[in-house]
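All the letters of the sequence shown, read from the start, carry residue numbers 4 to 500 under my numbering. The beta carbon of each residue, even a glycine, is placed where N, CA and C say it ideally should be. Only one structure is covered here, and it is reproduced in the block below.
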Amino acid sequence: MCGIAAAIGVEDARIFAGLFSPLGHRGPDESGIRQHGNIRIGMHRLAIVGPMGDDLPLIGADGRILAFNGEIYNHLPLRAEFPDYPFRGHSDAEILFPLLARHGLAGLNRLRGMFAFVIVDMESGSFLAARDPFGIKPLYYAETGGGVAFASELKSFDGLAEAPRFLPPGHALDRQGLARWYKVPGRVWRPRPKPLRLLLEQAVKSHLPPQGSCGVFLSGGLDSSLVAALASRIRPDIVAYSVVLPNSPDEEPAALVAAHLGIRHKVLHATEDTIRAALPEVIAALESFNPTMVRNALPLYLLSRMAARDCKVVLGGDGADELFAGYEYLERLPRRFWPQAMEYGFSNLHRTELQRVDRMTMAHGLELRVPFLDRDVAEAALDLPLSRKIGRRNGILMPKLALREAAEGLLPASIQWRRKLPLADGSGCSGLDLGIGPSLTPPPDWDLADDDSRGFFPMWRQRFPHASPKHAIWRDCGRYHDFKEVHGRPLLELFRR
């Protein structure tokens, strides 16, 4: 995992410095910059695959330069397809050089992993930037200084007058413009579809590092517990990490799962004081003052800090709710709205849950891997009929039916059929008085609809003093899709709860 930045065709060197310097936390092990004329590209590296000491950013046999963020899990079998290519090292990202040279954008469909990258020809200035299918890894860009600027996080763009934009998931950008390289397949009939359990086993296996310490975030809910169960069969030395406040609903279920699996379990007992003290750091790292984002980020920030003392890689259960109809707001919607609500939630995942988990883990130089968003798992889940995801059990509407069936025999029944709790609720953080003081009068042009937003906004503004409300990406609106034009205000309000 890394923090990457590039300024292509930008004369002012200060612009690149402003892009690159705020990203050091994403790659604390080593960093490097390459420059030629008005092209600058840099990479902060968190060393996981391959030894330290590689020249950064990476250089291909044809002289192109690559700044890469993420992990490619199938890089070894792909390397075997290019026996004549002169690989310089062991980096998983190096496979991009021969793969793109042979197949162009279509080659990205061969990758299994999470990634965002910029590859540039330093002589001609031609470039390609791309992002993984579901937006697990972030990448932003802006047209500035006569060229184009890229960076892994929004904070790199605070000093620019131009509006930053996110590179959409499954898209690529070059001199000709934006192109979609990945599209979720439509539903297809398969005579023998792979069982979901098998797909999950394969995904977890591919996401586990073969060596070195590894952890799993464990809340005691179905999603994280299932990942922990499958991972512990392959890596019995895996360590589970949980965070709780006094009277947390997650504390006993998480302990039960860890004991059932026979794995080490480290629990962070947070307090109101530690949560409040972390609030300004969390908002700055999160790049958002959205109340739902912030309250769910607080316990994760503390948990990530604890886990990062032991390991560089953790697994999580993120993405399962969006794929398997896990959110209980569906129960409060007419059934005819369920498919649209689920599609909206999944398509916006890169701006909600994935942004939260990326920023909170990478703030501490910790790589989070999400097996539920393995492409084979995600596509199988999206192909399932809604009746396999949500239905009645003992007269009660039960979400994530297919996932619960896949967990049969792996987990205690109380965990297999446990209801969904967001991290803020399960950890005990959601009802916490954060001591943010009286709400300020909402400044004009900013979307501050509630007390939490008005309380969090000044802390966010301290970190982003130059952000303009003229640009929607700074206003923080639209994270949870605004449905009011289609379905009326009540649907929007359900998403905000």
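- Residue burial annotation: Asp87 is exposed, with fewer than 16 other C-beta atoms found within 10 angstroms of its C-beta.
- Taken through DSSP and simplified to helix, strand or coil, Ile286 comes out as helix.
- Look at the region 414-451 and you find no whole run of beta strand (DSSP E) that is 3 residues long or longer.
- Around the C-beta of Ala16, fewer than 16 other C-beta atoms lie within 10 Å, and the residue is accordingly described as exposed.
- Arg236 sits exposed, since fewer than 16 C-beta atoms from the chains shown fall within 10 Å of its C-beta.
- Ranked by Cα distance from Leu114, the first of Ile286, Cys5 and Tyr185 is Tyr185.
- The straight-line gap separating the alpha-carbon atoms of Asp313 and Asp276 is approximately 24 Å.
- Beta bridge pairing from DSSP links Ala182 with Ala175.
- In this chain, the alpha helix (DSSP H) harbouring Leu233 covers Leu225 to Ile237.
- Judged by DSSP secondary structure, Met363 falls within the alpha helix (DSSP H) whose first and last residues are Glu356 to Met365.
- For Asp65, the closest of Phe153, Arg105 and Gly45 by C-alpha to C-alpha distance is Arg105.
- Excluding residues up to 5 positions away in sequence, Ile393, Gly394, Arg395, Arg407 and Trp420 lie with their Cβ nearer than 8 Å to the Cβ of Met401 in the same chain.
- Nearest to Asn72 by alpha-carbon distance, out of Arg338, Pro80, Glu14 and Ile122, is Ile122.
- Arg48 sits in a strand when the DSSP states are folded into three classes.
- Restricting attention to Pro461, Phe460, Trp477 and Ala405, the CA atom closest to the CA of Pro198 is found in Ala405.
- Here Gly412 is exposed: its Cβ has fewer than 16 other Cβ atoms, across all protein chains shown, within 10 Å.
- Taking every protein chain shown into account, the CB of Gln358 has 16 or more other CB atoms within 10 angstroms, so this residue is buried.
- Residue state for Ala64 is assigned as coil, using DSSP reduced to three classes.
- A straight line joining the alpha-carbon of Glu284 with that of Ala83 spans about 44 Å.
- Nearest neighbour of Ala20 by Cα position, chosen from Pro141, Phe160 and Leu49, turns out to be Phe160.
- In summary, Gly265 is exposed, with fewer than 16 beta-carbon neighbours lying within 10 Å of its beta-carbon over all protein chains present.
- In this chain, Arg335 is not harboured by any alpha helix (DSSP H), its DSSP state being neither H nor E.
- DSSP, reduced to helix, strand and coil, places Pro31 within a strand of the structure shown.
- Burial check for Ala109: the Cβ neighbour count within 10 Å stays below 16, so the residue is exposed.
- Beta-bridge pairing by DSSP links Gln343 to no other residue.
- Here Arg267 has Val242 as same chain residues with Cβ atoms under 6 Å from its own Cβ, once five neighbours each way along the sequence are excluded.
- By the Cβ rule, the region 452-467 counts as touching the region 288-304, because three or more pairs are nearer than 8 Å.
- In the structure shown, Lys269 falls within a strand segment according to DSSP collapsed to helix, strand and coil.
- When beta bridges are read from the DSSP output, Cys5 appears opposite Arg48.
- Asn397 and Leu131 have their C-alpha atoms roughly 53 Å apart.
- In the DSSP assignment, Phe220 falls within the unbroken beta strand (DSSP E) covering Gly218 to Phe220.
- With contacts defined by Cβ atoms closer than 7 Å, Leu59 and Gly35 form a contacting pair.
- As for any beta strand (DSSP E) of minimum length 3 sitting wholly inside the region 50-135, the runs are 68-75, 116-123 and 130-134, ordered along the chain.
- Sequence-distant Cβ neighbours of Arg378 in its own chain, meaning closer than 7 Å and more than five residues away, are Arg115 and Pro136.
- Distance between Gly63 and Leu69, taken at the CA atoms: about 8 Å.
- Beyond the five residues adjoining it in sequence on each side, His39 comes within less than 8 Å, by CB distance, of Met125 and Glu126 in the same chain, given in chain order.
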